[in-house]
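Going by UniProt numbering, the sequence shown opens with residue 1, and the numbers climb by one from there.
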Amino acid sequence: MSITISGLTKRFGQTEVLRGIELGVDRGELVALLGPSGSGKTTLLKIIAGLEWPDAGRLSVEGEDWLQLAAQDRRIGFVFQHYALFPHMRVRDNIGFGLSVRPRAARPGKAAIAAKVDELLHFLQIAHLANRYPTQLSGGQRQRVALGRALAIEPRVLLLDEPFGALDAAIRRDLRRWLRGVHDATGSTTIFVTHDQEEAFELADRVVVMGAGRIEQIGHADAIHDHPASPFVARFMGATVELPVTLHAGRAEGAGLDLSALPRRALPDGAANLFVRPQDITPIPDAAAPWRIASRSSTGAHLRLVVRAPDGAEAEADLPRRAVNAEALDPGAPVRLRIEAGTIFPAERRAALPVVTPISLKLESSR
Ligand SMILES: Nc1ncnc2c1ncn2[C@@H]1O[C@H](COP(=O)(O)OP(=O)(O)O)[C@@H](O)[C@H]1O
Ligand SMILES: [Mg+2]
Numbered sequence: 001m002s003i004t005i006s007g008l009t010k011r012f013g014q015t016e017v018l019r020g021i022e023l024g025v026d027r028g029e030l031v032a033l034l035g036p037s038g039s040g041k042t043t044l045l046k047i048i049a050g051l052e053w054p055d056a057g058r059l060s061v062e063g064e065d066w067l068q069l070a071a072q073d074r075r076i077g078f079v080f081q082h083y084a085l086f087p088h089m090r091v092r093d094n095i096g097f098g099l100s101v102r103p104r105a106a107r108p109g110k111a112a113i114a115a116k117v118d119e120l121l122h123f124l125q126i127a128h129l130a131n132r133y134p135t136q137l138s139g140g141q142r143q144r145v146a147l148g149r150a151l152a153i154e155p156r157v158l159l160l161d162e163p164f165g166a167l168d169a170a171i172r173r174d175l176r177r178w179l180r181g182v183h184d185a186t187g188s189t190t191i192f193v194t195h196d197q198e199e200a201f202e203l204a205d206r207v208v209v210m211g212a213g214r215i216e217q218i219g220h221a222d223a224i225h226d227h228p229a230s231p232f233v234a235r236f237m238g239a240t241v242e243l244p245v246t247l248h249a250g251r252a253e254g255a256g257l258d259l260s261a262l263p264r265r266a267l268p269d270g271a272a273n274l275f276v277r278p279q280d281i282t283p284i285p286d287a288a289a290p291w292r293i294a295s296r297s298s299t300g301a302h303l304r305l306v307v308r309a310p311d312g313a314e315a316e317a318d319l320p321r322r323a324v325n326a327e328a329l330d331p332g333a334p335v336r337l338r339i340e341a342g343t344i345f346p347a348e349r350r351a352a353l354p355v356v357t358p359i360s361l362k363l364e365s366s367r
């Protein structure tokens, strides 16, 4: 089912949790909503499910206005991070639950439900667990059962809210591949919420990056990684070092910075900020340069250096330990910074002070 969302807003009291969401999801697509905690991912998912209602905006599925439909009429499969399976029911009864509680007219017979459950048990590779109770399952097995329960009703849209969030990294990776296989085989339209970049990028056809109730960028892994659309996305994608630079004819310059590897940018002359990942910064010993090594530590494979400018500004550099001529990068050593890759944005205006005056409140709400 194709999903079209436009102008969706939602407030809880004074908090604007969704600020004008525009999103289209194609039939059969798997889209990941990626963003930090509190960015509004769950709220958006709940609105699609019919468990929350927006203040304004539209939500349609295959052209049908879903805001006119109650949750039970939308035929959504929903899996949460901590999905409570019914503890007193065996796996097969948990999976069949959604079918067995349908109104009598729409309810399949006992044999039909059993056949459907068997089919899902095999499809999801959990047939050997059919007669166990939830307490006899591992976390990963429980999430497979939870997905089975969501799929049993043949949902029109599958919504997954951090379904693997509570599991170990290795199990999550396994489940991710398994889920991608399940998605491809069912052809369902799926929205998957996560705050884990690797999970989003490995799993999804497209990634929707959310920050503070807004969609910041929609795209494929490489584009979001290499060309973040905003300072927010740059930071969220690991470009945690911000260096003030000056632009002249599309070229960035900064004291003690070697920026020759950066492509020319179509940005106006003047002050700008360069966002860089620590692993894209190479300190090079240079007696004439203004940066000094402030500290160094090792993670085994990598050397992490903190460098400091005369004005006190600090940057973190992360280099493979084997590649480093260690003595030349001892604390106190002067270095210039070669920037291998980074993204430039015009200097942001200073963020407003976090003091709420009646005037700024009025400006906020009139936007
Ligand atoms: N029922 C609610 N009442 C009040 N505030 C809420 C409610 N649900 C969520 N929020 C707030 O909305 C914001 C977004 O929450 P949520 O959608 O859960 O974000 P995410 O899933 O990205 O972590 C948070 O600031 C959260 O505290
Ligand atoms: Mg959430």
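Idealized CB from N, CA, C, for every residue including glycine.
query	result
Identified DSSP bridge partners for Pro-346	Ala-272
Same chain only: Cβ atoms within 8 Å of Leu-167, ignoring 5 sequence neighbours per side	Gly-139, Gly-140, Gln-143, Leu-175
Per-residue DSSP class, three states only, for Val-145	helix
Beta-carbon gap between Leu-99 and Leu-124 smaller than 8 Å	no
Inter-stretch contact (C-beta, 8 Å, three-pair minimum) for the segment 292-306 and the segment 253-267	no
DSSP state of Ser-6 mapped onto helix, strand, coil	strand
Reference Gly-50, options Leu-30, Asp-286, Arg-74, Gly-57, closest by Cα	Arg-74
Cβ neighbours of Ala-221 in the same chain (closer than 7 Å, five flanking residues each side left out)	Phe-201, Val-207
Runs of beta strand (DSSP E) wholly within the segment 7-65 (minimum 3 residues, chain order)	15-25, 30-34, 56-61
Element boundaries [beta strand (DSSP E), containing Pro-294]	According to the sequence shown, residue 294 is Ala rather than Pro. 291-298 is the extent of the beta strand (DSSP E) around Ala-294.
Distance cut-off 7 Å: Val-193 Cβ against heavy atoms of ligand 2	yes
Where the alpha helix (DSSP H) through Pro-231 begins and ends	231-236
Strand pairing of Ala-245, partner residues [DSSP]	One detail in the question is off: residue 245 reads as Val in this sequence, not Ala. BP columns for Val-245 point to Ala-272.
Residues passing the C-beta test against ligand 1 heavy atoms, cut-off 6 Å	Phe-12, Thr-15, Val-17, Gly-35, Ser-37, Gly-38, Ser-39, Gly-40, Lys-41, Thr-42, Thr-43
beta-carbon Glu-314 near ligand 2 non-hydrogen atom, thresh 7 Å	no
Outcome for Gln-217 when other beta-carbon atoms lying within 10 angstroms are tallied against a minimum of 16	buried
Which of helix, strand or coil DSSP assigns to Pro-278	helix
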